[in-house]
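Numbering (the working numbering), first residue to last: 84 to 197. Working notes for the structure below.
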Amino acid sequence: MAIKHAIRQVLTRFGELAAHPLAFGIWLLYAVVWLILDRDSLDWHGVATMVTWFMTLIIQRAEDRDTQALQAKLDELLRVIKPADDALTEIDTLEPEDIKRLRKETHSSSGEKT
């Protein structure tokens, strides 16, 4: 079970790192080194791989921005609504599987269907 938890944490951290601006710098450095050291293998497959990697970083960055903005808005709503559970403002520190489990438990205890 500890290995499973460690894998979850590593995957979550990779997702966070892929959204960091430094990831674009690493991509650019890799592309420059690749062009300098291996110009002979510059074909459409290699270019497609680099474009795909770049687009993945852009999508991850946009998704992270949207998620952080949404989280900030929800935190503010939870803060100003008095009957709300303030502990929910910290839910984003949990792993995705733990959040799903918590949501399922909350829905089943309130009688809602999931």
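Don't be surprised by glycine CBs; every beta carbon is placed ideally from N, CA and C. Note that the structure is predicted; figures quoted are calculated from it, not measured.
Contacting residues, own chain, Cβ-Cβ under 6 Å from residue i (five flanking each side not counted)
i, result
"ARG96", "none"
"ASP147", "ALA102"
"GLN154", "ASP175"
"ARG144", "ALA102"
"ALA167", "LEU161"
Per-residue DSSP class, three states only, for residue i
i, result
"LYS187", "helix"
"ASP147", "helix"
"LYS165", "coil"
"LEU125", "coil"
"ALA102", "coil"
"MET138", "helix"
"MET133", "helix"
Inter-residue spacing [alpha-carbon to alpha-carbon] between residue i and residue j
i, j, result
"LEU120", "ILE142", "28 Å"
"ARG91", "TRP127", "35 Å"
"TYR113", "HIS88", "31 Å"
"LEU157", "THR132", "37 Å"
"SER191", "PRO179", "18 Å"
Under 7 Å between C-beta atoms of residue i and residue j
i, j, result
"LEU140", "ALA106", "yes"
"LEU171", "LEU161", "yes"
"PHE137", "TRP110", "yes"
Neighbourhood of residue i by C-beta distance below 8 Å, restricted to the same chain and skipping five residues each side
i, result
"GLU99", "ASP147"
"ASP169", "LEU161, ARG162"
"GLN151", "none"
Exposure label - residue i; buried when at least 16 CB within 10 Å
i, result
"ARG186", "exposed"
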